[in-house]
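Peer 1:
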Amino acid sequence: MSWKTLDDMELAGKTVLLRVDINVPVENGEVTDATRIERIAPTVQNIIDQGGKPVLLAHFGRPKGEVKPELSLKQLVPTLKTYLGTEIVFGEDCTGPAAEQAIANASEGAVVLLENTRFKPGEEKNDADLVAALAALGDVFCNDAFSAAHRAHATTTGLAHALPSCAGRLMQAELQALEGALATPVRPVLAVVGGAKVSTKLELLGNLVAKVDKLVIGGGMANTFLAAKGVDVGKSLCEHDMAPTAVEILGKADAAGCEIILPSDVVVAREFKEGADNETVAAEACPADAMILDAGPEAVKTVNAAIDASKTLIWNGPLGAFEIAPFDTATNAAARHAAEASASGKLVSVAGGGDTVAALNKAGAADEFTYISTAGGAFLEWMEGKELPGVAALTS
Numbered sequence: 045m046s047w048k049t050l051d052d053m054e055l056a057g058k059t060v061l062l063r064v065d066i067n068v069p070v071e072n073g074e075v076t077d078a079t080r081i082e083r084i085a086p087t088v089q090n091i092i093d094q095g096g097k098p099v100l101l102a103h104f105g106r107p108k109g110e111v112k113p114e115l116s117l118k119q120l121v122p123t124l125k126t127y128l129g130t131e132i133v134f135g136e137d138c139t140g141p142a143a144e145q146a147i148a149n150a151s152e153g154a155v156v157l158l159e160n161t162r163f164k165p166g167e168e169k170n171d172a173d174l175v176a177a178l179a180a181l182g183d184v185f186c187n188d189a190f191s192a193a194h195r196a197h198a199t200t201t202g203l204a205h206a207l208p209s210c211a212g213r214l215m216q217a218e219l220q221a222l223e224g225a226l227a228t229p230v231r232p233v234l235a236v237v238g239g240a241k242v243s244t245k246l247e248l249l250g251n252l253v254a255k256v257d258k259l260v261i262g263g264g265m266a267n268t269f270l271a272a273k274g275v276d277v278g279k280s281l282c283e284h285d286m287a288p289t290a291v292e293i294l295g296k297a298d299a300a301g302c303e304i305i306l307p308s309d310v311v312v313a314r315e316f317k318e319g320a321d322n323e324t325v326a327a328e329a330c331p332a333d334a335m336i337l338d339a340g341p342e343a344v345k346t347v348n349a350a351i352d353a354s355k356t357l358i359w360n361g362p363l364g365a366f367e368i369a370p371f372d373t374a375t376n377a378a379a380r381h382a383a384e385a386s387a388s389g390k391l392v393s394v395a396g397g398g399d400t401v402a403a404l405n406k407a408g409a410a411d412e413f414t415y416i417s418t419a420g421g422a423f424l425e426w427m428e429g430k431e432l433p434g435v436a437a438l439t440s
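Okay, so the sequence shown: first residue is 45 according to our numbering, each after it adds one.
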């Protein structure tokens, strides 16, 4: 760990520019999922406890450098007040007099929220003038937005170079969980990777086969690998043009000593809808007029056995069409098994990216996993072995 945390900083009497991700879903002016706001609370409280003044810097939506009232962060003030439990002082701008006044008006223990940083054209360009204008507002920069760490923006990398910098508690937890799962894991290590398309996870698969002991491939991706091995997958979702790439990945895994686990049996149906008539067949016996929509019970037993034989689990993506019953069965069963192993202390489990959080929540397994990342793209890029600009800036 080469980056500083809040424990390494002197914050008493300091204004702390705190980059957070509170890009939460809002419908009819109401926040429908406050998870990201809940997760910044420990960092905010820690800064206040140390005598610092937290000034939240955040984006909301994609205004592309234009002021769009419907994407103002002001609408989040009531929810922030509820979850942070303190006064929220809103600044109508993220730089200049309006920002300065909001910070000056905030009493001890209050939190300042500045306007959407992406209203500034220079934010996504990491513009030096914007960085300077932002840096002039504070004494310390704290990045608690791992989910935006794969972007080299003014508030993710620029400020880290302009002010004394550290990781917030959420960023710290993300980095420690991911480093523990992939950089310095307790072996054996199992990865479960599912989802629709191999093409979207090529770099992820290529990186994982060199670092894990076993790799379970599920979802539509598994169909592509089965087809690459000569299996007729009927009308299943399948990237037939990716067959040579799938063969290449299988070869890399074999050379690295990584066991690839594909479903031995599958659940098939003639239509993609809730409660569709279905049957379980061997993976090699998919009818020509049917599509594979889930892994079968024998496949689940194999995945569960792999979980039992592992000490570390990395999970990204579902094993089937988890959105509709009964094709959520394999994902639910394997996720709950992993959750039980995690709860008993036998397994360190880290999950994140894409539909993963939704799938684990639907399975009722998320709370028992060791760590669930709320980051999407940043989680995947880390798993792909890429350097994240927002993290690199904290270590330089």
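Yeah, the Cβ is synthetic: ideal placement off N, Cα and C, and Gly gets one too.
Keep in mind that this is a model prediction, so the values were computed, not measured.
In angstroms with no decimal places, state the Cα-to-Cα distance between E292 and M427.
Peer 2: E292 and M427 have their alpha carbons spaced roughly 19 angstroms apart.
Peer 1: May I have a chain-ordered list of the alpha helix (DSSP H) segments no shorter than 4 residues that lie completely inside the segment 116 to 194?
Peer 2: 121 to 128, 140 to 149 and 172 to 179
Peer 1: Which runs of the alpha helix (DSSP H), 4 residues or longer, sit entirely within the segment 198 to 259?
Peer 2: Runs of the alpha helix (DSSP H) lying entirely within the segment 198 to 259 and spanning at least 4 residues, in chain order: 203 to 206, 213 to 222 and 246 to 252.
Peer 1: With C-beta atoms as the reference, is T123 less than 8 angstroms away from L178?
Peer 2: In this structure, L178 does not lie closer than 8 angstroms to T123 by Cβ.
Peer 1: Just verifying my parser: in three-state terms, what is the DSSP assignment at P370?
Peer 2: coil
Peer 1: By alpha-carbon positions, which one of N405, I358, S388 and A198 ends up nearest to E167?
Peer 2: A198
Peer 1: Quick one: give me the first and last residue of the beta strand (DSSP E) that G396 is part of.
Peer 2: V392 to G396
Peer 1: DSSP three-state label for L306, please.
Peer 2: coil
Peer 1: Under the three-state reduction of DSSP, which class applies to R380: helix, strand or coil?
Peer 2: helix
Peer 1: Grouping DSSP H, G and I as helix and E and B as strand, with all else coil, what is E428?
Peer 2: coil
Peer 1: Between the C-alpha atoms of R63 and A299, what's the straight-line distance to the nearest angstrom?
Peer 2: 42 angstroms
Peer 1: Would you check if there are 3 or more beta carbon pairs closer than 8 angstroms linking the segment 141 to 156 to the segment 101 to 109?
Peer 2: Verdict: no, contact absent.
Peer 1: Going by DSSP in three states, E283 sits in which element: helix, strand or coil?
Peer 2: coil
Peer 1: Starting from the C-beta of R380, find all residues in its chain whose C-beta is less than 8 angstroms away, skip the five residues before and the five after it, and write them out in chain order.
Peer 2: A407, G408 and A409
Peer 1: Would you mind sorting K317 into buried or exposed? The rule is 16 or more other CB atoms within 10 Å of its CB.
Peer 2: With fewer than 16 Cβ atoms within 10 Å of its Cβ, K317 is classed as exposed.
Peer 1: Should A254 go down as buried or exposed, given a rule of 16 or more other Cβ atoms within 10 Å for buried?
Peer 2: Counting other Cβ atoms within 10 Å of its Cβ, A254 stays below 16 and is therefore classed as exposed.
Peer 1: Can the beta-carbon of L337 be found closer than 8 angstroms to that of G364?
Peer 2: yes
Peer 1: Using a threshold of 8 angstroms, state whether the C-beta atoms of V242 and M265 are closer than that.
Peer 2: yes
Peer 1: Is the segment 213 to 229 in contact with the segment 414 to 433, if contact means three or more CB pairs nearer than 8 angstroms?
Peer 2: yes
Peer 1: Please name the residue, chosen from L55, T79, V75 and S308, that lies closest to Q89 on a Cα-to-Cα basis.
Peer 2: Nearest of L55, T79, V75 and S308 to Q89, Cα basis: L55.
Peer 1: Would the beta-carbon of V70 fall within 8 angstroms of that of R80?
Peer 2: no
Peer 1: Assuming D93 is part of the alpha helix (DSSP H), what are its boundary residues?
Peer 2: T79 to D93
Peer 1: What whole-angstrom Cβ distance do G109 and K164 have, given they're in contact under 8 angstroms?
Peer 2: 7 angstroms
Peer 1: Which residues mark the beginning and the end of the alpha helix (DSSP H) in which L270 is found?
Peer 2: G263 to A272
Peer 1: Beta carbon of E159, beta carbon of S116: below 8 angstroms?
Peer 2: yes
Peer 1: Straight-line CA distance for A192 to A419?
Peer 2: 8 angstroms
Peer 1: Of the choices K125, V275, E247 and D93, whose alpha-carbon is the least far from that of V50?
Peer 2: Note that residue 50 is Leu in the sequence shown here, rather than Val. Among K125, V275, E247 and D93, the Cα nearest to that of L50 is on D93.
Peer 1: Does V64 come out as helix, strand or coil in the three-state DSSP assignment?
Peer 2: coil
Peer 1: If we call anything under 8 angstroms between Cβ atoms a contact, is T87 one with G212?
Peer 2: yes
Peer 1: Apply the 10 Å Cβ neighbour rule to D173 and answer buried if 16 or more other Cβ atoms are within range, or exposed otherwise.
Peer 2: With fewer than 16 other Cβ atoms within 10 Å, it is exposed.
Peer 1: Can we say the segment 320 to 337 touches the segment 375 to 390, given the rule of at least three CB pairs closer than 8 angstroms?
Peer 2: No, they do not touch.
Peer 1: Pick out whichever of T268, E74, V256 and P208 has its Cα sitting closest to the Cα of T356.
Peer 2: V256
Peer 1: Counting along the chain, where does the alpha helix (DSSP H) carrying N72 start and finish?
Peer 2: It is not in any alpha helix (DSSP H) - N72 carries neither H nor E in the DSSP assignment.
Peer 1: Considering only residues of the same chain and omitting the five flanking positions on each side of L270, which have a CB-CB separation below 7 angstroms?
Peer 2: V277, L306 and A327.
Peer 1: What is the DSSP secondary structure of E323, reduced to helix, strand or coil?
Peer 2: strand
Peer 1: Starting from N418, trace the alpha helix (DSSP H) in both directions and tell me its first and last residue.
Peer 2: According to the sequence provided, residue 418 is Thr. The question's Asn does not apply to it. That residue, T418, is in no alpha helix (DSSP H); it is neither H nor E in DSSP.
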